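Trainee: Got a structure for you, questions after.
Chains as they are written, first to last, in my numbering: chain C, 737 to 1174; chain X, 737 to 1174.
Listed below in structure tokens is the structure:
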């Protein structure tokens, strides 16, 4: 019989992989909660119509949809933002601002390739019910805190503002109806390069000489620009939208400075467009210089999205961490270090008749917070030691009839290869102090 | 526009609900790991054929199945056991015994009703690759530890053994082919009562006088039986299977005693059948006396199940906690207590010009582990205090120009209604000591 397969684009996470994932999730949770965010969970399955028409033409094709046994059109969650909007409209009494985090899988029927999966985790923070840009600044401070606490040192948060870009496009002579098209072109800069974007805009027929000059001078070739904020201000500040957008960027700059975010960790970058149409204000994403794996966070303000679900429009801003890419980076960083297993102590089985003593000793260790296994059956000691060694277990306890009579245990340090007999009542302290020395 | 609905049988978990769920999950994780279990995660979606034919006729109808865009027949995970078996066969090099836990949602297209959902969490522990019954004993010790640490005091773990029941049925004159039918009838005891089971067995035509007498004397009316183990031994011990099963139950009794599980917390109960066909040895489930919500854990040994997936049969045993029912019980217990929010401190906004000071103070509090929010915009203090009070936030910090000049903060205890001015550098200690007094 053929062994059953796993679906393409889906993954099993064995314990060693899980340990890294859980550590990242637990750190994020701690930081999100320290900023006053609270957990939310929503179903993996939604009515299809809740998701339809929200993700653009390309996204729409990637939704996992089907008819359930009751004839309902249902779909697997595509992201965590749209379900959040549904929740906000379903529970109008939620106290605002409502700050929630959600760390959960989403599904997209995308073509699987290196680093792209059909089932992957998103880790979202959103602040609903305030138009204050301090909320956006807070999201970026959290981004910086998470990445630095994970030990990342070569990331940059790119920051832009849709209002500014709208004003910029109009100031460069584009018509309002062409702004979205312009941003979609600009969004491809990383993929198709400066020439590609200009060719693209020309092809659509919206490239004029003013736009070309402004783009070339200080957006596409932004490395030459010393103070992009004041440069942009000189172009857009005479328009109301432009002025509003620029002052929002200044609030963000002030926030990042107050939060102590190092200046190397962020930049204002007017070439950042962000694909989704629903953003209305600040937009942001984080890239790492090494390894080159694209953005590891992304988000922005979406003040009109909840209005699709409820009569009252409610301002909102949010950001999402891509767990899969964070894991990839962490694994590269950690492959250099020594890995130890989850379990800290193995109590070997000398004889079935002595198993009761093993279980009692295990209970003492476990209640002191030491992760302890017992070996379930009598077999050669060497085999049991090999098991401990393969499982990367640090300590082995051997309890034969002699040890039990003397109320002692033999404690073997598998890493140092040393071994000693000590009183059972001293084993917890001995193991704990050895573990903390490591 | 009508607000989009949530699917029937599915749930949103708002922060207050999530807090209870996360606390239970985190305690379980800690205990599972203390026994040497490691985390595993598997896809929510599997090939349909992996799940088909594993859950009996009734279960089969409840699988969420559909054809994906690539024409594959896929299904949402129905439980965590079958995906585990697939993993075991897919990674033959996993070190055995392999002890894993998985806490994750599963889906069943069941008729929704009170306490029964279409999406719900299972929390599974399984030990793969050992036939030792000490492994089964360990699962029960974990069950007891988790429930006691959650503060449960009125539960009973019911324990039986399929080998014993097979021997019992044969000793009572049933034919081998009728044993499964017999167990399925017995499984309905709680629902249809003793008379119902006897009628059911008679209806199928497998009730004889010996079976009726044995059943009546000491299984169906087990409250009269003083020592069910020796009673059962007297019936089945002359058969090989019966003897084996009885000695397994004795290993379990010895284990529970060595682990210090109170005798009130478990019982050997020969009326326990457990629905699934794949069990081969010990079976167990936990019931609570109050509230009456059915079993909260269930499991058993399934030595032949992995053989369905791989050439080599591999012994295995496992147990599953039902998160939803644990949450229900916890919520009933906690509704009496005072609930406080997740966030501990709110820093009010006196004026936008002072926001930088608020962010700096928030950073100090957060880095000391105090969960802190800032209010995002200037508004009447009363409104900000009402927000803190509605969110059940314990402390409010007010920083006006006077406070900032004096390097002080005004700290308001929302629970006691007291307020004091203190130096900014003393606020962390003051808040921490007040929180620990609660």
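From the three backbone atoms N, C-alpha and C, an ideal C-beta is built for every residue, glycine too.
Model, not experiment: these values are computed from the prediction.
1) Relative to the C-alpha of residue 1117 of chain C, which residue among C:993, C:1141, C:1097 and C:1083 is closest?
2) Identify whether residue 825 of chain C lies in helix, strand or coil by the three-state DSSP scheme.
3) On the premise that residue 779 of chain X lies in contact with residue 855 of chain C, defined as a C-beta separation below 8 Å, what is that separation, rounded to the nearest angstrom?
4) Between residue 822 of chain X and chain C, is there a C-beta pair that is closer than 8 Å?
5) Relative to chain A, which residues along the stretch 754-782 of chain X have a C-beta separation below 9 Å, given in chain order?
6) Under DSSP, the alpha helix (DSSP H) around residue 911 of chain X begins and ends at which residues?
7) Going by the beta-carbon positions, is the gap between residue 987 of chain X and residue 870 of chain X smaller than 8 Å?
8) What are the start and end residues of the alpha helix (DSSP H) that includes residue 1053 of chain X?
9) Just how far apart, CA to CA, sit residue 756 of chain X and residue 891 of chain X?
10) By the three-class DSSP mapping on this structure, what secondary structure does residue 867 of chain X have?
11) Quick one: any contact between the stretch 860-876 of chain X and the stretch 1037-1057 of chain X, if contact means 3 or more CB pairs under 8 Å?
12) Who are the neighbours of residue 810 of chain C on chain X, taking C-beta pairs under 8 Å?
13) If you measure from the beta carbon of residue 1095 of chain X to each beta carbon in chain C, is any gap under 8 Å?
14) Which one of C:763, C:991 and C:829 has the shortest CA to CA distance from residue 883 of chain C?
15) If the cut is a Cβ gap below 7 Å, which residues of chain C does residue 1102 of chain X touch?
16) Have a look at residue 698 of chain C and residue 981 of chain C and give me their C-alpha separation to the nearest angstrom.
17) Taking residue 1169 of chain X as the reference, which of X:1157, X:1113, X:1133 and X:1106 has the closest Cα?
18) Go ahead and label residue 877 of chain C buried or exposed: buried means 16 or more other beta carbons lie within 10 angstroms of its beta carbon, across all protein chains shown.
19) Taking residue 1002 of chain X as the query, report the chain C residues whose CB atoms sit under 8 Å from its CB, ordered along the chain.
20) Looking only at its own chain, which residues have a Cβ that is under 7 Å from the Cβ of residue 825 of chain C, when we skip the five neighbours before and after it?
21) Near residue 875 of chain X, which residues of its chain fall below 8 Å by C-beta distance, leaving aside the five closest residues on each side in sequence?
22) Closer than 6 Å by C-beta to residue 1093 of chain C: which residues in its own chain qualify, once you throw out the five before and the five after it? Chain order, please.
23) Does residue 1078 of chain C come within less than 8 Å of chain X when only Cβ atoms are used?
24) From what residue to what residue does the beta strand (DSSP E) around residue 841 of chain C run?
25) Could you check if residue 1079 of chain C is buried or exposed, using at least 16 other CB atoms within 10 Å of its CB as the buried criterion?
26) Flag residue 1040 of chain X as yes if its beta-carbon sits less than 8 Å from any beta-carbon of chain C, otherwise no.
27) Against chain X, which members of the stretch 861-874 of chain C pass a CB distance test of less than 9 Å?
28) Could you tell me the boundaries of the alpha helix (DSSP H) in which residue 1120 of chain C lies?
29) With a Cβ-Cβ cutoff of 8 Å, do residue 823 of chain X and residue 776 of chain X count as a contact?
30) Can you tell me whether residue 974 of chain C is buried or exposed, with buried defined as 16 or more other CB within 10 angstroms of its CB?
31) Could you tell me the distance, in whole angstroms, from the CA atom of residue 744 of chain X to the CA atom of residue 951 of chain C?
32) On a Cα-Cα basis, can you pick out the residue from C:1097, C:782, C:844 and C:838 that is closest to residue 806 of chain X?
33) Within 10 angstroms of the Cβ of residue 910 of chain X, are there 16 or more other Cβ atoms? Answer buried if so, exposed if not.
34) Output the boundary residues of the beta strand (DSSP E) element that contains residue 811 of chain X.
35) Would you say residue 1163 of chain C reaches chain X, if we count a Cβ-Cβ gap shorter than 8 Å as a contact?
36) By DSSP, does residue 788 of chain X sit in helix, in strand, or in coil?
Mentor: Taking the definition as stated:
1) For the purposes of this step, residue 1117 of chain C is taken as residue 381 along the first chain, with counting starting at 1. It is C:1083 whose Cα lies nearest to the Cα of residue 1117 of chain C.
2) As a working mapping, residue 825 of chain C is identified with position 89 in the first chain. It is helical.
3) As a first step, residue 855 of chain C must be located in the first chain, where it is residue number 119. As a first step, residue 779 of chain X must be located in the second chain, where it is residue number 43. At roughly 5 Å, the Cβ-Cβ gap stays under 8 Å, so residue 855 of chain C and residue 779 of chain X are in contact.
4) Working through the second chain from its first residue, we reach residue 822 of chain X at position 86. Yes, residue 822 of chain X counts as interfacial toward chain C.
5) Going by chain labels, chain A is absent from the structure shown, which instead holds the protein chains C and X.
6) Working through the second chain from its first residue, we reach residue 911 of chain X at position 175. Counting along the chain, residue 911 of chain X sits inside no alpha helix (DSSP H), nor does DSSP assign it H or E at all.
7) Counting from 1 along the second chain, the entry for residue 987 of chain X is found at position 251. Counting from 1 along the second chain, the entry for residue 870 of chain X is found at position 134. Taking the C-beta atoms as reference points, residue 870 of chain X is found nearer than 8 Å to residue 987 of chain X.
8) Sequence index remark: in the second chain, residue 1053 of chain X carries index 317 (1-based). Unbroken run through residue 1053 of chain X is the beta strand (DSSP E), 1052-1058; no alpha helix (DSSP H).
9) For the purposes of this step, residue 756 of chain X is taken as the residue at position 20 of the second chain. For the purposes of this step, residue 891 of chain X is taken as the residue at position 155 of the second chain. Distance between the alpha carbons of residue 756 of chain X and residue 891 of chain X is about 20 Å.
10) Here residue 867 of chain X is taken as the residue at index 131 of the second chain, counted from 1. It is coil, neither helix nor strand.
11) Look at the beta carbons and you see the stretch 860-876 of chain X touching the stretch 1037-1057 of chain X: at least three pairs across the two are nearer than 8 Å.
12) Reading the first chain from its first residue, position 74 is the one you call residue 810 of chain C. Contact annotation for residue 810 of chain C against chain X: 743 [CB-CB distance below 8 Å, chain order].
13) Numbered from 1 along the second chain, position 359 holds the residue referred to as residue 1095 of chain X. Answer yes: the Cβ-Cβ gap between residue 1095 of chain X and chain C drops below 8 Å somewhere.
14) As a working note, residue 883 of chain C is residue 147 in the first chain. Nearest C-alpha to residue 883 of chain C: C:763.
15) For the purposes of this step, residue 1102 of chain X is identified with residue 366 of the second chain, where counting begins at 1. Residues of chain C with a Cβ closer than 7 Å to the Cβ of residue 1102 of chain X are, in chain order, 770 and 771.
16) Chain C is shown only over 737 to 1174; residue 698 of chain C falls outside these bounds and no answer can be derived.
17) Counting from 1 along the second chain, the entry for residue 1169 of chain X is found at position 433. In terms of CA proximity to residue 1169 of chain X, X:1106 leads the group X:1157, X:1113, X:1133 and X:1106.
18) On the first chain, residue 877 of chain C is found 141 positions in, with the first residue counted as 1. Classification for residue 877 of chain C: buried.
19) Stepping through the second chain from its first residue, residue 1002 of chain X is reached at position 266. Under the 8 Å cutoff, chain C gives no residues; its nearest Cβ is about 15 Å from residue 1002 of chain X.
20) As a working mapping, residue 825 of chain C is identified with position 89 in the first chain. These residues qualify, in order along the chain: 1042, 1045 and 1046.
21) Along the second chain, one-based indexing puts residue 875 of chain X at 139. The answer, listed in chain order, is 861, 863, 1020, 1035, 1053, 1054 and 1055.
22) Position 357 of the first chain holds residue 1093 of chain C. Only 1135 and 1140 meet the Cβ criterion.
23) The sequence position of residue 1078 of chain C within the first chain is 342, counting from 1. Chain X places a beta carbon closer than 8 Å to that of residue 1078 of chain C, counting this residue as a contact.
24) Numbered from 1 along the first chain, position 105 holds the residue referred to as residue 841 of chain C. 834-843 is the span of the beta strand (DSSP E), which, as asked, contains residue 841 of chain C.
25) Stepping through the first chain from its first residue, residue 1079 of chain C is reached at position 343. Classified as buried, residue 1079 of chain C has 16 or more neighbouring CB atoms from the shown chains inside 10 Å of its CB.
26) On the second chain, position 304 is the one that residue 1040 of chain X refers to. Using beta-carbon distances, residue 1040 of chain X does not count as an interface residue toward chain C, since no partner is under 8 Å.
27) Result list: 863, 866, 867, 868, 869, 870, 871, 873 and 874.
28) Here residue 1120 of chain C refers to the residue found at position 384 of the first chain. For residue 1120 of chain C, the enclosing alpha helix (DSSP H) has its first and last residue at 1117-1126.
29) Your numbering for residue 823 of chain X matches position 87 in the second chain. Your numbering for residue 776 of chain X matches position 40 in the second chain. Contact annotation: residue 823 of chain X and residue 776 of chain X have beta-carbon atoms nearer than 8 Å.
30) In the first chain, the residue the question calls residue 974 of chain C occupies position 238. Exposed, because fewer than 16 other Cβ atoms sit within 10 Å of the Cβ of residue 974 of chain C.
31) Mapped onto the second chain, residue 744 of chain X falls at position 8. Mapped onto the first chain, residue 951 of chain C falls at position 215. About 51 Å.
32) Along the second chain, one-based indexing puts residue 806 of chain X at 70. Of the listed residues, the one whose Cα sits closest to residue 806 of chain X is C:844.
33) One-based indexing of the second chain puts residue 910 of chain X at position 174. Residue 910 of chain X is buried by the Cβ-count criterion.
34) Taking the second chain and counting its residues from 1, the one referred to as residue 811 of chain X is at position 75. From DSSP, the beta strand (DSSP E) with residue 811 of chain X extends over 809-812.
35) For the purposes of this step, residue 1163 of chain C is identified with residue 427 of the first chain, where counting begins at 1. Not closer than 8 Å to any Cβ of chain X, the Cβ of residue 1163 of chain C fails to qualify, so no.
36) In the second chain, residue 788 of chain X corresponds to position 52, counting from 1. Look at residue 788 of chain X here: in three-state DSSP terms it is coil, with no helix or strand label.
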